């Protein structure tokens, strides 16, 4: 039996199909995954993401610690509440995890890390934190609910504790605010506007029920996966891991090599950049019927590669994926789908943002 | 709770069979199977004239989550694949025992479905988590 979030019983009562995810029993969906997906693109949907782990780092040395631990530059976080997306790297440049880091004050940053990697992340962070006297506090006392979609903020704000409403209604994108033991941030993993809300576990069920009563659709990890993939967002463990660097995972934009700052993994990334990355991660659009799945083989003019994430896109009504290929690959490729080679086009993610397609879709080739 | 119509025959791999008045057999996947797969987005049906042996993979049903083979419960010749599924794979989700049929087969002489189940036996398979 896996670990359970504070909302476990509510998921069962709502008819959720439960699956293991990173050691947690989580809802994969409550009915039609495609309807859940559309609810987020068109209105508002909510996800229990309490399996992810909020970690508070407290102490005067917290900013220097994160300047060294994270590949993105927390020196850029100047306004209290500002957050950034980053990778945490091994000395050889491999990705330990991807995470959100939020600056609250000079003695307090909050990180949110993946469920399946939380234990190794905490061990790694603690090892470095003890040298400069920063306290590392995993917040397993908190539940986390993501509310996403064009109407998500409007439906959520009235249901927040009164002390949070003012702060939440003026939050800029990628800002968070702490209020009354709650923590509201304008972030997400769907390509839509919305909030991620960390709150005391005992308050989670009431908040979840209130959101449902306000017409926010319950959404499972299935819809979360199709939404994030349409948004061109990586999934740790599928699209990158300890054997790949951010530069070969479509995440160069999250790495700050410029300036004198030294961070763990920097030397390896500089060496890789100087030599030229051998492979890259990019988007894939299937041109015929069928569905891209992870680990399918891909054949390009520059050599072979592999689909790292694949699914059906409910918004585009096509199959899309992410693929790791030799860096020179371009144009049209072929994918081995169940023994048959199907043509697909390399495209630059995202596929969909804020409800709108971001890539050009030609009419599909006729079925052979 | 999934539906299991009493007048059909079933397989352990979640196909159903309905014998039509002309002796051909209509084949599809059960309500339980479509619920397990979730939203179907792509279905590949066999072409008329194809000869199948009982146990052959004869169709592919692909959902957002996963692709699965459909196995022919009978030996015989395909009379038709459901043409509606090419553009409306969701017919299987909406009406698995009706509009969501996958193929019609003309059984070879004497090839009764060797291990077919009645509704009660299939219900037991589903209840056992098959």
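Chains as they are written, first to last, in my numbering: chain Y, 1 to 368; chain E, 369 to 498. All C-beta atoms, glycine included, are put in the ideal place defined by N, C-alpha and C. Fair warning: this is a prediction, and the values are worked out from it, not measured in the lab.
DSSP three-state assignment for residue i, whether helix, strand or coil
i, result
"residue 368 (chain Y)", "A caution first: residue 368 (chain Y) carries a pLDDT of 40, below 50, which makes its placement in the model unreliable, though a value can still be read off. Note: residue 368 (chain Y) maps to coil in three-state DSSP."
"residue 53 (chain Y)", "strand"
"residue 20 (chain Y)", "strand"
"residue 121 (chain Y)", "helix"
"residue 178 (chain Y)", "strand"
"residue 452 (chain E)", "helix"
"residue 216 (chain Y)", "coil"
"residue 41 (chain Y)", "helix"
"residue 112 (chain Y)", "strand"
"residue 107 (chain Y)", "coil"
"residue 301 (chain Y)", "coil"
"residue 204 (chain Y)", "helix"
"residue 197 (chain Y)", "strand"
"residue 34 (chain Y)", "helix"
"residue 325 (chain Y)", "strand"
"residue 189 (chain Y)", "coil"
"residue 209 (chain Y)", "helix"
"residue 307 (chain Y)", "strand"
"residue 27 (chain Y)", "strand"
Whole-Å CB distance - residue i paired with residue j, under 8 Å assumed
i, j, result
"residue 299 (chain Y)", "residue 333 (chain Y)", "6 Å"
"residue 86 (chain Y)", "residue 65 (chain Y)", "Contact doesn't hold; Cβ gap of about 13 Å is too wide."
"residue 460 (chain E)", "residue 438 (chain E)", "The Cβ separation is near 10 Å, so there is no contact."
"residue 448 (chain E)", "residue 338 (chain Y)", "With 8 Å as the limit, residue 448 (chain E) and residue 338 (chain Y) do not qualify as a contact, their Cβ atoms being about 23 Å apart."
"residue 16 (chain Y)", "residue 30 (chain Y)", "5 Å"
"residue 398 (chain E)", "residue 457 (chain E)", "Their Cβ separation, rounded to whole angstroms, is 16 Å, which puts residue 398 (chain E) and residue 457 (chain E) out of contact at 8 Å."
"residue 352 (chain Y)", "residue 231 (chain Y)", "6 Å"
Minimum C-alpha distance to residue i - residue among the options
i, options, result
"residue 226 (chain Y)", "Y:35, Y:15 and Y:17", "Y:35"
"residue 142 (chain Y)", "Y:92, Y:219, Y:53 and Y:132", "Y:53"
"residue 197 (chain Y)", "Y:218, Y:214 and Y:164", "Y:164"
"residue 384 (chain E)", "E:445, E:486 and E:425", "E:486"
"residue 357 (chain Y)", "Y:91, Y:326, Y:139 and Y:317", "Y:317"
"residue 1 (chain Y)", "Y:237, Y:18 and Y:360", "Y:18"
"residue 269 (chain Y)", "Y:131, Y:172, Y:280 and Y:92", "Y:92"
"residue 9 (chain Y)", "Y:31, Y:140 and Y:48", "Y:48"
"residue 117 (chain Y)", "Y:129, Y:44 and Y:95", "Y:95"
"residue 140 (chain Y)", "Y:194, Y:114, Y:147 and Y:148", "Y:114"
"residue 326 (chain Y)", "Y:336, Y:31 and Y:304", "Y:304"
"residue 186 (chain Y)", "Y:145, Y:212 and Y:336", "Y:145"
"residue 223 (chain Y)", "Y:11, Y:46 and Y:62", "Y:46"
"residue 354 (chain Y)", "Y:157, Y:62, Y:194 and Y:161", "Y:194"
"residue 233 (chain Y)", "Y:208, Y:192, Y:291 and Y:169", "Y:192"
"residue 495 (chain E)", "E:395, E:400 and E:376", "E:400"
"residue 408 (chain E)", "E:453, E:386, E:414 and E:374", "E:453"
"residue 413 (chain E)", "E:375, E:446 and E:431", "E:446"
"residue 188 (chain Y)", "Y:200, Y:162, Y:351 and Y:83", "Y:83"
"residue 390 (chain E)", "E:372, E:473 and E:451", "E:473"
"residue 395 (chain E)", "E:406, E:403 and E:377", "E:377"
"residue 235 (chain Y)", "Y:309, Y:33 and Y:360", "Y:309"
"residue 336 (chain Y)", "Y:296, Y:351 and Y:329", "Y:296"
"residue 451 (chain E)", "E:433, E:373, E:427 and E:432", "E:427"
"residue 211 (chain Y)", "Y:180, Y:51, Y:256 and Y:147", "Y:147"
"residue 246 (chain Y)", "Y:78, Y:90 and Y:181", "Y:90"
"residue 350 (chain Y)", "Y:315, Y:328, Y:266 and Y:182", "Y:315"
"residue 386 (chain E)", "E:493, E:370 and E:466", "E:466"
"residue 209 (chain Y)", "Y:74, Y:28, Y:104 and Y:160", "Y:160"
"residue 361 (chain Y)", "Y:328, Y:313 and Y:228", "Y:313"
In DSSP terms, what residue i is bridged to
i, result
"residue 428 (chain E)", "E:412 and E:437"
"residue 377 (chain E)", "E:385"
"residue 490 (chain E)", "None; residue 490 (chain E) has no bridge partner."
"residue 444 (chain E)", "E:420 and E:475"
"residue 357 (chain Y)", "Y:352"
"residue 85 (chain Y)", "Y:100"
"residue 137 (chain Y)", "Y:56"
"residue 74 (chain Y)", "Answer by DSSP bridge pairing: none, since residue 74 (chain Y) is not bridged."
"residue 319 (chain Y)", "Y:312"
"residue 344 (chain Y)", "Y:286 and Y:333"
"residue 465 (chain E)", "None, per the DSSP bridge assignment."
Quiz item: Is the stretch 95-113 of chain Y touching the stretch 53-61 of chain Y in the sense that three or more CB pairs, one from each, lie closer than 8 Å?
Solution: Because the criterion of three Cβ pairs below 8 Å is met, the stretch 53-61 of chain Y and the stretch 95-113 of chain Y touch.
Quiz item: When the Cβ atoms of the stretch 322-336 of chain Y are set against those of the stretch 253-272 of chain Y, are three or more pairs found closer than 8 Å?
Solution: Taking 8 Å as the limit for Cβ pairs, the verdict is that the stretch 253-272 of chain Y does not touch the stretch 322-336 of chain Y.
Quiz prompt | Inter-stretch contact (C-beta, 8 Å, three-pair minimum) for the stretch 274-294 of chain Y and the stretch 331-343 of chain Y | solution = The stretch 274-294 of chain Y, when compared against the stretch 331-343 of chain Y, does touch it at the 8 Å Cβ threshold.
Exercise. Please confirm if the stretch 143-157 of chain Y is in contact with the stretch 36-56 of chain Y, defined as three or more CB-CB distances below 8 Å between the two stretches.
Key: Under the Cβ criterion (8 Å, minimum of three pairs), the stretch 143-157 of chain Y counts as touching the stretch 36-56 of chain Y.
Quiz item: Between the stretch 63-70 of chain Y and the stretch 24-31 of chain Y, do three or more beta carbon pairs fall short of 8 Å?
Solution: No, the stretch 63-70 of chain Y is not in contact with the stretch 24-31 of chain Y.
Exercise. Say whether the stretch 160-176 of chain Y touches the stretch 114-130 of chain Y, bearing in mind that this needs 3 or more beta-carbon pairs closer than 8 Å, one atom from each stretch.
Key: The stretch 160-176 of chain Y, when compared against the stretch 114-130 of chain Y, does not touch it at the 8 Å Cβ threshold.
Practice problem: Flag this pair as touching only if the stretch 204-221 of chain Y and the stretch 126-133 of chain Y have three or more C-beta atom pairs under 8 Å; answer yes or no. | Solution: Too few Cβ pairs lie closer than 8 Å, so no.
Practice problem: Say whether the stretch 440-453 of chain E touches the stretch 415-424 of chain E, bearing in mind that this needs 3 or more beta-carbon pairs closer than 8 Å, one atom from each stretch. | Solution: A contact exists between the stretch 440-453 of chain E and the stretch 415-424 of chain E.
Quiz item: Is it a yes or a no for the stretch 274-285 of chain Y touching the stretch 240-248 of chain Y, going by three-plus beta-carbon pairs under 8 Å?
Solution: In short, these stretches touch, since the Cβ pair count reaches three.
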